[in-house]
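Report on the structure given below.
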Amino acid sequence: MGHRLVDLALLIQTIANSIVAGSIYAVIAVGLAMAFGVMKMANFAHGEFFMAGAYVVYVFYALLGWPFPIAVLMAVPIVGAMGIITERLIFRPTRSNVLAGFMATAGLAFILQVLVGQAWGVGLMRSVPTPYMGAADILGAKIGWQRVLVVPVAIVMLSCLWYFLFKVKYGKALRACAQDPDTARLQGIGINKMTMLAMGISGASAGLAGALMAPIHPVTPYMGHGVILTAFIVVVMGGMESIAGAVLAAVLLGFIHTFVTTLSDAVTAQMVGVACMAIILIVRPEGLLGRVKA
Amino acid sequence: MSLLEIKDLVKRFGGLAAVNGVNLSISDSEIRGVIGPNGAGKTTLFNLISGALSVTSGTITFNGQVVSGKRPSHIALAGLVRTFQRNAMFPTYSVLENVVLARHSQVKNNVFQTIFGRNQEEEEHRERAKEIIHFMELSDHQDELAENLSHGHQRILGIANALAVEPKLIMLDEPVAGLNPTETKMVTDHFRRLRDEWKITVVLVEHDMRTVMETCEYISVINFGKLLMEGNPEEVANDKRVIEAYLGSDDYDL
Amino acid sequence: MSIPNWKPLFLLAVVIAVGCAIPFMVRAYTIEIFILFMINLILVCSYRIPATTGDWSLSHVVLMGVGAYTTALLSKWFDLTIFLTVPLSAVVAGIVGFIMVTPLIRTRGFGFFIASFALGELIRLIWIKFRYPFGGPRGMIGIPNGELGSIDFFEPMPYYYFVMAVALICLIIMYRIDQSRIGKTFTALYTDEGLAESVGIDVPRYRALAFGLGAFFAGIAGALLAHRLGAVDPKNFDVTTMVYLIIWIVVGGTTTFWGPIMGLILMTFIFEWSRPLLEWRPLLFGGTLIFFLVFLPGGLDDLFFKIRNKIMARKSGAGVSDVAS
């Protein structure tokens, strides 16, 4: 099988695809990791938030004809608000029990699928026209501009997030809360505000990822299914609550998925991903970058 | 011959040695106290012996069998049973059910016999459980839910649960912590009877010196993860090093 | 003590009598619903076994699928009768369960939940990946319905009685496990793991046993399902199906043996009554799941328990407070 990779162009193509995949995984997974870091909110409906982001672009760009960048930006506040509502109605009352919140958001996933399906149709795949046609030529590898776009957006988004967490007062408070909620409370940080903020950012990042992917991913009410599995693999590999770990694991999984898909097939790639997740959970539950808690 | 033999036991957490080369030998049918000020390493030592923590180095031999590195349940089956500082009982079960459940390890039935059999054996275990409850003077409360018992009785039930395993040695972790004087007496009165009537070796790991002085015949004092001295209660009470150790930790309450 | 307890025996007789009468009172379509209901009954009760040790898994329907695929392979390739495929599928699912749980034991709570999901998904991907022998993404078809002499189980009525007999046997065994020393050990080790270890209960071994037993009975449910549908499809055992199983369990509660059964009965009624809602139904189910987790975390089981306690407290009045002091 390996002889196909000897082809240099194919190798570059695969690496480029890996980077694109890793970037999109990172944008999806940081939100999941952030919500889990603050008060252990495990959001099963994260994939449906991604789906919601794609539908925002479908509505504003494909149906109403707004410019594509504006439509993408619309997804951020809309899906972010969904995250905040989820925190208020589901995660807050089930705060003492991680599993309960996780299972309840599985119920939320059902609800969102039905609502979107009823509003815009279940069976038909919604197609969103590609705003940026043509392909970039990188050292002989051809990648559609729409895919290339994902990489700078991911970098900008992660940089903004980093700036927020380390330089802005609210972001610092959020980190303090993730590390030690009890001490944070003593310092006068409102835990409820922080969990809402975390879920808001979490939803916004999922929405942004979905919005970016809308033109190149089949848009259906059930598109969250595949996403949630990938997102959880990434977050588990990164250590559940570590944002840096999630980014690293996202890039790693992007490479693993893309290379295994190229060498073998997509199902095998999924199997490798799932196996990685199981092995890490069992052998090193704190993840690649996670710290062992005393 | 000693029943429990501890040799050069070390436990490190990161760089910190909580237990740093302890040697201890406890003979059959002793009532032994292990004391020390807060943070001396008593609890760590206790958890090492019972298997709740893994040892860094050294060996623990019980009844001629090396038990260091074994699961807590295996150590219990070997005849070395611990109690807990908190109330060691299954709160939503009755007193009798608690002891029957704790006798689990003595049941020889396998899964299929348990599911399909007629459970003659379980009747016998129920009888033995009643004997233990009677011995611990809990018969009046046999059918009460464990969570409804008084604190003192809950503590005694914890010991009854440990007895259900038919131990040779019972190791008690601060058995009277948080009890009032009446309850304390009620609990400690049982220790001597355990040894005298049932020939069970009793090891009392305690913070409160008064209890230990009154019940134990021989006492080992631990400080800074090491054995400080050993002797009978009088020797310990008059030992300058012991007094200093307790003074230094500012919880001197002799 | 030695007087046989007639109450449960009487109850059992009533259930059997009603169960036998049902096919004569309803249409063939409704018999199918009852068949599915009894298969699900085995499934929910089997899920409760590991759940009593605190191990909520996300791979239970995959283990059911292991039973279904084993049945499909055994009856298509070796022409085995249904009376062999069902127990053999259970054994295979039980063994797969044991193999799966060996690494899983190292995890607890949420970690167990998603790690079991990962391993379950791995099994499902194996079915999808290998067209030979598992049929690939579209699964396998043409599984015989089974027969007893000249009675063809393709007809709903005979299969109904067959499933009823199997379900009764399974439920009685699972009830006996729950009431036995082993079942009590399961709940005890969940209540206090440290105490359980201290009295000589090997906690990992018992957790593995609970998971294996759950897988065994899930395998039976899978085998019965495969014979009825005549087909297995990897999509039938995906996470969506798993969420439905979780809904039954959450609605019912796991405190007693009857909890999951109550949950399944209620949700089956709601499922059948809500047919006119068509595609809106998952919304109803998702909403129910959220409602129970937020407002009734112990499920119906816990609700009944609390109501009964309140009535008892009112009846005995001052007597209760005396005992408590």
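Chains as they are written, first to last, in the numbering used here: chain A, 558 to 851; chain B, 981 to 1234; chain C, 53 to 377.
Glycine included, every Cβ here is placed at the ideal spot set by N, Cα and C.
Spanning the alpha carbons of ARG259/C and PRO1052/B requires a straight line of approximately 16 Å. The residues GLY697 and ALA698, in chain order, have a CB closer than 7 Å to that of ALA566/A in the same chain once the five nearest residues on each side in sequence are set aside.
In this structure, DSSP gives LEU1060/B an extended state, which the three-state scheme calls strand.
In the three-state DSSP reduction, VAL1185/B falls in the strand class (E or B).
Contact residues of the region 323–341 of chain C toward chain A are GLU331, TRP332, PRO334, LEU335, PHE337, GLY338, GLY339 and LEU341 (C-beta to C-beta distance below 7 Å). Across the set ILE986/B, ALA1217/B and PHE1064/B, the C-alpha of ILE986/B shows the shortest separation from the C-alpha of SER1007/B. In this structure, ALA602/A keeps its C-beta atom at 9 Å or more from the C-beta atom of VAL614/A. Against chain B, the CB of GLU199/C has no partner CB under 9 Å away; the residue lies outside that interface. Counting only the Cα atoms, ARG732/A lies some 48 Å from TRP325/C. Membership of GLY146/C in any beta strand (DSSP E) is not indicated; the residue belongs instead to the alpha helix (DSSP H) covering 134–156. The region 814–822 of chain A and the region 993–1008 of chain B do not touch, with fewer than 3 CB-CB distances between them shorter than 8 Å. Pairwise C-beta distances place the region 1011–1022 of chain B in contact with the region 1190–1197 of chain B, as three or more of them are shorter than 8 Å. DSSP places SER1037/B in the uninterrupted beta strand (DSSP E) bounded by 1037–1042. Chain-ordered listing is empty here: chain B has no CB closer than 8 Å to the CB of VAL302/C, the nearest sitting near 21 Å. Within 7 Å of the CB of THR159/C, the CB atoms of chain A belong to LEU838, ILE839 and PRO842, in sequence order along the chain. Per DSSP, the continuous beta strand (DSSP E) segment holding GLY701/A begins and ends at 698–701. According to the DSSP assignment, GLY305/C belongs to no alpha helix (DSSP H), since it is labelled neither H nor E.
For ARG160/C, there is no enclosing beta strand (DSSP E), as DSSP marks it with neither H nor E.
Of the candidates VAL784/A, SER762/A, ALA768/A and GLY830/A, the residue whose Cα lies closest to the Cα of MET794/A is GLY830/A. Around the C-beta of ARG183/C, fewer than 16 other C-beta atoms lie within 10 Å, and the residue is accordingly described as exposed. Within the region 206–225 of chain C, the residues whose Cβ lies closer than 7 Å to some Cβ of chain B are ILE225, listed in chain order. Cβ proximity to chain C below 8 Å picks out HIS782, LEU786, PHE789, ILE790 and VAL793 from the region 770–801 of chain A.
Close CB contacts of ASN1027/B within its chain, under the 6 Å cut and outside five residues either way in sequence, are with LEU1033 (chain order). Here SER98/C has GLY266, PHE269 and ALA270 as same chain residues with Cβ atoms under 6 Å from its own Cβ, once five neighbours each way along the sequence are excluded. Burial check for GLU1103/B: the Cβ neighbour count within 10 Å stays below 16, so the residue is exposed.
Here the alpha carbon of TRP332/C sits roughly 40 Å from the alpha carbon of PRO60/C.
DSSP places VAL792/A in the helix class (H, G or I) of the three-state scheme. Listed along chain C are TRP108, GLY161, PHE162 and PHE165, each with a C-beta nearer than 8 Å to that of LEU656/A. Note on TYR1226/B: 16 or more other CB atoms within 10 angstroms of its CB, so buried under the neighbour-count rule. Among the residues of chain C, none has a CB under 9 Å from the CB of GLY604/A; the nearest is roughly 11 Å distant. The shortest CA-to-CA distance from VAL143/C to any of PHE162/C, LYS287/C, PHE343/C and MET116/C is the one to MET116/C. Relative to the Cα of LEU335/C, the nearest Cα in the group THR662/A, LEU838/A, ASN654/A and GLN570/A belongs to THR662/A.
Ranking PHE337/C, GLY311/C, GLY339/C and ILE342/C by CA distance to the CA of LEU355/C puts GLY311/C first. In terms of Cα proximity to MET780/A, the closest of THR752/A, GLY658/A, ILE837/A and VAL671/A is VAL671/A. Under the three-state reduction of DSSP output, SER168/C falls in the helix class. Excluding residues up to 5 positions away in sequence, ALA1142, VAL1145, PRO1147 and ILE1150 lie with their Cβ nearer than 6 Å to the Cβ of VAL1061/B in the same chain.
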